[in-house]
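Participant:
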Amino acid sequence: MRVSMLVRSCTALTAVVLLAACADTATAPPPTRARPRLSEQQFEQWLLDNGGVSRDGRGKKNKTDSLWSQDFVIDPTQAQSLKAGDHRVYFPANSICDPATSGYGEDTWDAPCSPLQQPITIHATWSSKLGHAFIDFQPALRFVPTSDPSQFVTLTMKDYYDLDQSYHYPIFWQRPSDGVWVDESVSDPSLFASSDYSGNRVTRRVKHFSGYLVGAGEVCDAWGGGDCAPIMSFAGYLVGF
């Protein structure tokens with residue numbers, strides 16, 4: 000009888016220990032994947048692959064590694080359109096400033112200029128950057144200032160992600176001096192972008208040429224809110240005004 004009682008006691012004690020161990024296993028939080036110690040460039044790529052600092056968004060690797068380019072000859076005295084892949088620029092007649100005399104820079108966008116009268120060759124390069132549509136134009140040009148919307152030079156870009164109707168999608172300009180992506184509509188409402196959600200396109204007025212990028216709407220993009228807002232140290236990631 001004493002042996003039987005001892006066996007039952009040991010069996011009960013073992014069950015209690017096993018239950019406690021199982022409870023500890025069930026409630027233990029999953030290990031957090033630590034941010035690796037990487038160089039700035041390596042961490043930027045890691046960020047793109049893993050969906051942001053909080054790791055709760057989809058990765059932002061480029062949708063395509065292909066790069067396309069084309070030269071276009073534009074007669075600035077006529078209304079014309081430039082079509083680069085799925086992207087389009089519309090130039091009203093006499094809307095291009097003469098680059099020989101107009102100057103170029105943020106303090107010149109609204110300065111008067113003489114319209115260009117001779118044909119000009121524009122080189123366009125387009126691809127994907129940070130997972131979204133990107134296009135660059137050369138040479139650096141600016142366009143004749145006007146308050147007449149019918150005379151605006153407009154850029155339409157088709158993005159690689161399906162547009163979400165709950166988001167606004169700006170078109171950022173990449174400032175050549177420091178590589179910062181600038182939302183110009185913050186200081187100039189005429190540069191506010193409109194979205195064609197069914198066509199996956201974003202359109203806005205442009206006052207000058209260089210590089211442009213469709214701004215993303217996901218929560219964990221570097222230019223969005225939440226955990227990604229503090230990301231400011233990566234070339235091409237910081238959004239300025």
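In terms of numbering that gives the first Met the number 0, the sequence shown opens at residue 0 and continues consecutively. We put the beta carbon where it would ideally sit given N, CA and C, even for glycine.
1. I'd like the span of the beta strand (DSSP E) that includes Thr202, first residue to last.
2. Helix, strand or coil for Gln137? Go by DSSP, reduced to three states.
3. Cutting at 8 angstroms between CB atoms, please list the residues of its own chain near Ala99, excluding the five before and the five after it.
4. Which residue wins for smallest C-alpha separation from Gly210, given the options Ile121, Ala110, Ser197, Ala92?
5. Do Leu154 and Val88 have their CB atoms nearer than 9 angstroms?
6. Which of the three DSSP states, helix, strand or coil, is assigned to Val2?
7. What number of angstroms, rounded off, separates the C-alpha of His167 from the C-alpha of Lys206?
8. If the criterion is Cβ atoms closer than 9 angstroms, does the pair Ser194 and Val185 meet it?
9. Taking only the alpha-carbon atoms, compute the straight-line gap between Asn199 and Gly84 and give it to the nearest angstrom.
10. Is Asp109 closer than 9 angstroms to Pro144 when the C-beta atoms are compared?
11. Tell me the start and end of each unbroken beta strand (DSSP E) in the stretch 89-131 that is at least 3 residues and wholly inside, in chain order.
12. Determine the extent of the beta strand (DSSP E) in which Ser186 is found, giving its start and end residues.
13. Mark Leu140 as exposed unless 16 or more other C-beta atoms lie within 10 angstroms of its C-beta, in which case mark it buried.
14. Have a look at Glu105, Ser127, Ile95, Leu81 and flag the residue whose alpha-carbon is nearest the alpha-carbon of Trp67.
15. State the Cα-Cα distance for the pair Arg204 and Asn93, rounded to the nearest angstrom.
16. Could you round the C-beta distance between Ala132 and Asp158 to whole angstroms and report it? I think they count as a contact, below 8 angstroms.
17. Name the two residues that bound the continuous beta strand (DSSP E) containing Tyr168.
18. Output yes or no for whether 9 angstroms exceeds the beta carbon distance between Val213 and Phe171.
Facilitator: If we stick to the structure as given:
1. Residue 202 sits at position 203 when you count from the first residue of the sequence shown. It spans 200-204 - the beta strand (DSSP E) in which Thr202 sits, taken as one unbroken run.
2. Taking the first residue of the sequence shown as 1, we reach residue 137 at position 138. Three-state DSSP puts Gln137 in a strand.
3. For the purposes of this step, residue 99 is taken as the residue at position 100 of the sequence shown. Correct list: empty, nothing qualifies.
4. Here residue 210 is taken as the residue at index 211 of the sequence shown, counted from 1. Comparing Cα-Cα distances from Gly210 to each of Ile121, Ala110, Ser197, Ala92, the minimum goes to Ile121.
5. Position 155 of the sequence shown holds residue 154. Position 89 of the sequence shown holds residue 88. Against a cut-off of 9 angstroms, the Cβ pair of Val88 and Leu154 comes out as a contact.
6. Taking the sequence shown and counting its residues from 1, the one referred to as residue 2 is at position 3. In this predicted model, Val2 has a pLDDT of only 44, less than 50, meaning its place in the structure is not dependable; the value taken from the coordinates is given anyway. In the structure shown, Val2 sits in a helix (DSSP, three-state: H, G or I).
7. Residue numbering aside, residue 167 sits at position 168 when the sequence shown is read from its first letter. Residue numbering aside, residue 206 sits at position 207 when the sequence shown is read from its first letter. Straight-line Cα distance between these residues: approximately 21 angstroms.
8. Indexing the sequence shown from 1 puts residue 194 at position 195. Indexing the sequence shown from 1 puts residue 185 at position 186. No, the pair does not count as a contact, with Cβ atoms beyond the cut-off.
9. As a first step, residue 199 is located in the sequence shown; it is residue number 200 there, counting from the start. As a first step, residue 84 is located in the sequence shown; it is residue number 85 there, counting from the start. When rounded, the distance between both Cα atoms is 14 angstroms.
10. One-based indexing of the sequence shown puts residue 144 at position 145. One-based indexing of the sequence shown puts residue 109 at position 110. Contact flag set, yes.
11. 119-128
12. On the sequence shown, position 187 is the one that residue 186 refers to. Counting along the chain, Ser186 falls outside any beta strand (DSSP E), and DSSP gives it neither H nor E.
13. As a position in the sequence shown, residue 140 is number 141, starting the count at 1. Counting Cβ neighbours within 10 Å, Leu140 comes out buried, since at least 16 surround it.
14. Taking the first residue of the sequence shown as 1, we reach residue 67 at position 68. When each option's Cα is compared against that of Trp67, the closest is Ser127.
15. Here residue 204 refers to the residue found at position 205 of the sequence shown. Here residue 93 refers to the residue found at position 94 of the sequence shown. Each residue's alpha carbon lies about 16 angstroms from the other.
16. Looking up residue 132 in the sequence shown gives position 133. Looking up residue 158 in the sequence shown gives position 159. About 5 angstroms separates the two Cβ atoms, so the contact holds.
17. As a working note, residue 168 is residue 169 in the sequence shown. Premise fails: Tyr168 is in no beta strand (DSSP E) and is neither H nor E.
18. Working through the sequence shown from its first residue, we reach residue 213 at position 214. Working through the sequence shown from its first residue, we reach residue 171 at position 172. Yes. Within cutoff.
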